[in-house]
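S.K.: FYI, numbering that gives the first Met the number 0 numbers position 33 of the sequence shown as 32, with every residue one higher than the one before it.
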Amino acid sequence: MNSRPKPGLPAEEDLAATVLFLRQWLRDPRSIAAIAPSGRELARRIASAVGRNARRVIEIGAGTGVVTQALLSAGVPEAGLLVVERNAELHRMLTRRFPGVEVLEGDALDLAQVVANSGRLTAGRVDAVVSGLGLVNLGREAQRRLLGQVFELLRVRGRFVQFTYAPVLPVSREVMSDLGLTARRTAFSLLNLPPASVYVLTRRRAGRRT
Ligand SMILES: C[S@@+](CC[C@H](N)C(=O)[O-])C[C@H]1O[C@@H](n2cnc3c(N)ncnc32)[C@H](O)[C@@H]1O
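1. How is residue 17 classed by DSSP in three states: helix, strand or coil?
2. Considering only the alpha carbon of each residue, which of 106, 71, 20, 24 lies closest to residue 42?
3. Taking 7 Å as the cut-off, is the CB of residue 85 close to at least one heavy atom of ligand 1?
4. Assuming residue 131 contacts residue 174 (C-beta within less than 8 Å), just tell me the rounded distance between them.
5. Give me the Cα-Cα distance between residue 126 and residue 183, rounded to the nearest whole angstrom.
6. Is the closest heavy atom of ligand 1 to the C-beta of residue 37 under 7 Å?
7. Using a threshold of 8 Å, state whether the C-beta atoms of residue 45 and residue 129 are closer than that.
8. Check residue 181 in the structure and name its three-state DSSP category.
9. To the nearest angstrom, how far is it from the Cα of residue 9 to the Cα of residue 114?
10. Can the beta-carbon of residue 160 be found closer than 8 Å to that of residue 48?
11. Can you tell me where the beta strand (DSSP E) with residue 104 in it begins and where it stops?
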């Protein structure tokens with residue numbers, strides 16, 4: 000069943016989610032990579048970047064689920080969404096918030112294995128992978144490892160959607176070139192705090208290395 004969730008949490012739950020997120024950031028700022036969850040306007044722009052026909056989507060680094068919610072509201076079916084979050088407390092919160100969605104506690108850098116162990120989306124490729132990870136903090140080799148797996152999971156012309164607070168694409172040029180990727184900035188959300196850009200990466204050819 001895909002009962003469309005309401006576009007946001009009630010105010011008190013929203014505040015509790017933001018406080019939980021802030022606590023995780025205080026514990027591990029590098030991994031959480033943002034002091035607060037994305038705003039709803041940015042989340043909507045991220046969700047619209049997956050494309051209207053996306054039915055099989057993986058979200059990595061979901062935090063409190065702002066983007067998860069926007070993906071569901073944009074029409075991605077609950078049964079077609081797989082969410083991966085590494086932080087145990089955020090994972091617990093996501094499982095409570097989205098009982099109809101498969102939410103796994105796992106490391107996106109082991110994405111192929113995490114997806115293989117999941118109950119859904121194991122057969123066939125996916126339309127989009129949406130990332131909330133702080134790619135700038137990851138470094139080049141981890142970016143290569145992540146994106147190599149992502150583009151093995153994506154169908155031909157499938158999209159990798161990434162938001163960033165950085166003024167430029169947060170993926171190393173070498174990784175883009177080695178994997179045969181191309182990027183376009185699809186949105187800039189000035190209203191978000193801090194303002195953020197949304198990038199869509201696609202593969203233009205088989206890369207030299209994966
Ligand atoms: C910048 S927050 C974004 C959260 C949410 N997508 C949003 O827009 O509000 C990054 C999230 O990625 C998670 N994360 C960081 N590294 C991860 C990894 N290797 N695998 C899975 N999740 C990760 C963090 O725990 C955090 O929830």
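Yeah, the Cβ is synthetic: ideal placement off N, Cα and C, and Gly gets one too. Predicted, not measured: the structure shown is a model, and the values here were computed from it.
M.R.: Concretely, from the data shown:
1. Looking up residue 17 in the sequence shown gives position 18. It is helical.
2. The residue you call residue 42 lines up with position 43 of the sequence shown. Comparing Cα-Cα distances from residue 42 to each of 106, 71, 20, 24, the minimum goes to 71.
3. Taking the sequence shown and counting its residues from 1, one reaches residue 85 at position 86. The answer is yes for residue 85.
4. Along the sequence shown, read from residue 1 onward, the residue named residue 131 stands at position 132. Along the sequence shown, read from residue 1 onward, the residue named residue 174 stands at position 175. With a Cβ gap of about 19 Å, residue 131 and residue 174 do not count as contacting.
5. Looking up residue 126 in the sequence shown gives position 127. Looking up residue 183 in the sequence shown gives position 184. Each residue's Cα considered, the two are about 17 Å apart.
6. As a working mapping, residue 37 is identified with position 38 in the sequence shown. Residue 37 Cβ: within cutoff of ligand 1.
7. If you number the sequence shown from 1, residue 45 lands on position 46. If you number the sequence shown from 1, residue 129 lands on position 130. Closer than 8 Å, so yes.
8. Indexing the sequence shown from 1 puts residue 181 at position 182. Note: residue 181 maps to strand in three-state DSSP.
9. In the sequence shown, counting from the first residue as 1, residue 9 sits at position 10. In the sequence shown, counting from the first residue as 1, residue 114 sits at position 115. Roughly 31 Å separates the two Cα atoms.
10. As a first step, residue 160 must be located in the sequence shown, where it is residue number 161. As a first step, residue 48 must be located in the sequence shown, where it is residue number 49. Yes, the pair counts as a contact, with Cβ atoms nearer than the cut-off.
11. Counting from 1 along the sequence shown, the entry for residue 104 is found at position 105. That run of the beta strand (DSSP E) goes 101-104.
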